[in-house]
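Asker:
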Amino acid sequence: QVQLVESGGGLVQAGGSLRLSCAASVSSSVINVMSWYRQAPGKQRELVASISRGGTTNYADAVKGRFTISRDNTKNTVYLQMNSLKPDDTAVYYCAGALFLAPNYWGQGTQVTVSS
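The sequence shown lines up with residues 9 to 124 when you count with this note's numbering.
So this is what it looks like as structure tokens:
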């Protein structure tokens, strides 16, 4: 069973930065696409950013230019660097791993709270 463990969430003021990490229990060669999703209270879960095994990235319009997803295949870890955070970024952030395209595995989530 693949496990994904997130870390790095917390409380930050608007304009600040946070870096999320997600460590996988299997080799990155097993997981094709690693992604970050988020879910705010009362809203549906949404894709924030994704990165393929080869390094191709994709971002939601709301975070382009502020967030950066990266992947260290030697450490089986994916990161989400979040800069210029806004209160609207407040959500539980989930790491997801896909064997092909759609997520097969999910982390437990980490809370990110941005105060105004």
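We treat Cβ as the ideally placed atom computed from N, Cα and C, and that holds for glycine. Since the structure is predicted, the reported quantities are computational estimates derived from the model, not experimental observations.
Quick one: is the Cβ of residue 30 within less than 7 Å of any heavy atom of the ligand SAM?
Answerer: Absence of the ligand SAM from the depicted structure is noted, as is the absence of any ligand whatsoever, leaving it without description.
Asker: What are the boundary residues of the beta strand (DSSP E) that includes residue 18?
Answerer: Its beta strand (DSSP E) spans residues 18-21.
Asker: Pull up the CB-CB distance for residue 95 and residue 60, whole angstroms please, since I reckon it's below 8 Å.
Answerer: About 31 Å; that fails the 8 Å criterion.
Asker: Output the boundary residues of the beta strand (DSSP E) element that contains residue 86.
Answerer: Start and end: 85-90.
Asker: Relative to the alpha-carbon of residue 92, which residue among 122, 100, 67 has its alpha-carbon at the smallest distance?
Answerer: Minimum Cα distance to residue 92 is reached at 122.
Asker: Please classify residue 111 as buried or exposed, where buried requires at least 16 neighbouring CB atoms within 10 angstroms.
Answerer: With 16 or more other Cβ atoms within 10 Å, it is buried.
Asker: How long is the line joining the alpha carbons of residue 58 and residue 101, rounded to whole angstroms?
Answerer: Answer to the nearest angstrom: the Cα atoms are 13 Å apart.
Asker: Would you decide whether residue 50 is buried or exposed? Buried here means 16 or more other CB atoms lie within 10 Å of its CB.
Answerer: Label assigned to residue 50: exposed.
Asker: Alpha carbon to alpha carbon, how far is residue 104 from residue 26?
Answerer: Cα to Cα, residue 104 sits roughly 19 Å from residue 26.
Asker: Identify which residue in 78, 36, 52 has its Cα closest to the Cα of residue 12.
Answerer: Nearest of 78, 36, 52 to residue 12, Cα basis: 36.
Asker: When the Cα atoms are used, what is the spatial distance from residue 22 to residue 120?
Answerer: When rounded, the distance between both Cα atoms is 12 Å.
Asker: Is residue 104 helix, strand or coil when you go by DSSP?
Answerer: Residue 104 falls in the strand class under three-state DSSP.
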